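K.L.:
Below is the structure I would like to discuss, written out as structure tokens.
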Ligand code: HEM
Ligand code: HEM
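Residue numbers (the working numbering): 1 to 179.
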């Protein structure tokens, strides 16, 4: 039998993680672009805590797979949306991982609302990385994956709205529990 429904738990996790990721992406871009240092600790703390929601969601999808694609969609739409769902899921796990590697190995320290997980590495009043290669790779990845994820989320939301308002099918309603 085909599994094409979203349970209350998977819908709840979708909206919770989705909203968290959107907020962290926006805060990340804004704080990095305008160098708003006051936002860094908040971004990092919420980013680390987000893993508590992200991990169960990703593990559940890896174990159970996705519900079958929506047959109201054209075949190419089903293929594209399935690929984008994978990109979103993988991006969701890679962002906090690269962020933590970036801050931790960069010597900037890692703490959650003041509770230190990895301490800063300060030598002669300068922040010194614990491992320069891991730091540079993770920093670049956090940036590049952030942009790719932003683009995928844009397509994802545009697709959901197009199906709801133009095609008037049940795509969005399946995810809000109305279908
Ligand atoms: C306003 C924002 C969003 C809307 C309206 C929305 C809407 C939807 C809808 C309607 C589906 C079901 C698609 C289908 O059955 O073919 C879906 C699935 C999905 N969405 Fe979103 N979404 C939003 C934000 C996000 C964000 C920010 C992420 C991740 C970063 C995300 C990740 C996913 C994933 C991975 C799926 C596949 C199904 C699942 O794993 O539960 N969504 N979304
Ligand atoms: C969980 C999801 C996360 C998302 C979606 C996210 C997203 C972003 C984005 C979009 C940027 C801007 C990239 C740029 O223009 O350089 C950024 C920057 C940053 N993120 Fe994250 N992030 C997340 C988690 C984390 C975590 C867990 C940490 C560290 C513990 C972290 C540390 C940083 C730092 C230090 C910057 C500043 C980069 C700079 O100044 O160039 N992030 N983040």
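Glycine included, C-beta positions come from ideal geometry on N, C-alpha and C.
The structure displayed is predicted, hence computed values, not measured ones.
#1: Could you spell out the range, first to last residue, of the alpha helix (DSSP H) harbouring residue 41?
#2: Pull up the CB-CB distance for residue 181 and residue 5, whole angstroms please, since I reckon it's below 8 Å.
#3: DSSP has residue 112 in a bridge; who is on the other side?
#4: So, under 8 Å CB-CB, residue 100 and residue 48 are touching, yes? Tell me the CB distance rounded to an integer number of Å.
#5: Sorry if obvious, but does the Cβ on residue 165 come closer than 8 Å to a heavy atom of ligand 1?
#6: Quick one, are the C-beta atoms of residue 88 and residue 104 less than 9 Å apart?
#7: Taking the alpha-carbon positions, what's the residue 9 to residue 34 distance?
#8: Based on the DSSP output, what are the partners of residue 122 in its beta bridges?
#9: Between the beta-carbon of residue 81 and the beta-carbon of residue 107, is there less than 9 Å?
#10: Report buried or exposed for residue 30, applying the criterion of at least 16 other Cβ atoms within 10 angstroms of its Cβ.
#11: Between the region 138-146 and the region 71-80, can you find at least three pairs of beta-carbon atoms closer than 8 Å?
#12: Hey, how far is the Cα of residue 113 from the Cα of residue 46?
#13: So residue 180 is in the alpha helix (DSSP H); what residue range does that whole segment cover?
#14: Assign residue 7 to one of two classes, buried (16 or more other C-beta atoms within 10 Å of its C-beta) or exposed (fewer than that).
#15: Give me the Cβ distance between residue 53 and residue 110, rounded to the nearest whole Å; I'm assuming they're in contact under 8 Å.
P.N.:
Here's the rundown:
#1: That run of the alpha helix (DSSP H) goes 38-49.
#2: Look at the range of the chain in this structure, 1 to 179, and you will see that residue 181 is not part of it.
#3: Its beta-bridge partners are 115.
#4: The C-beta separation of residue 100 from residue 48 comes to about 7 Å, placing the pair in contact by the 8 Å criterion.
#5: Residue 165: no, Cβ never under 8 Å from ligand 1.
#6: In this structure, residue 88 sits away from residue 104, with a CB-CB distance that is not shorter than 9 Å.
#7: If I take the Cα positions, the gap works out to 37 Å.
#8: Bridge partners of residue 122: 127.
#9: In this structure, residue 107 does not lie closer than 9 Å to residue 81 by Cβ.
#10: With fewer than 16 other Cβ atoms within 10 Å, it is exposed.
#11: Inter-segment contact for the region 71-80 and the region 138-146 is absent: fewer than three beta-carbon pairs are separated by less than 8 Å.
#12: Approximately 9 Å, taken between the alpha carbons.
#13: Limits of the chain in this structure are 1 at one end and 179 at the other, which puts residue 180 out of reach.
#14: Exposed, by the Cβ-count rule.
#15: By a beta-carbon distance limit of 8 Å, residue 53 does not contact residue 110. Their separation comes to about 18 Å.
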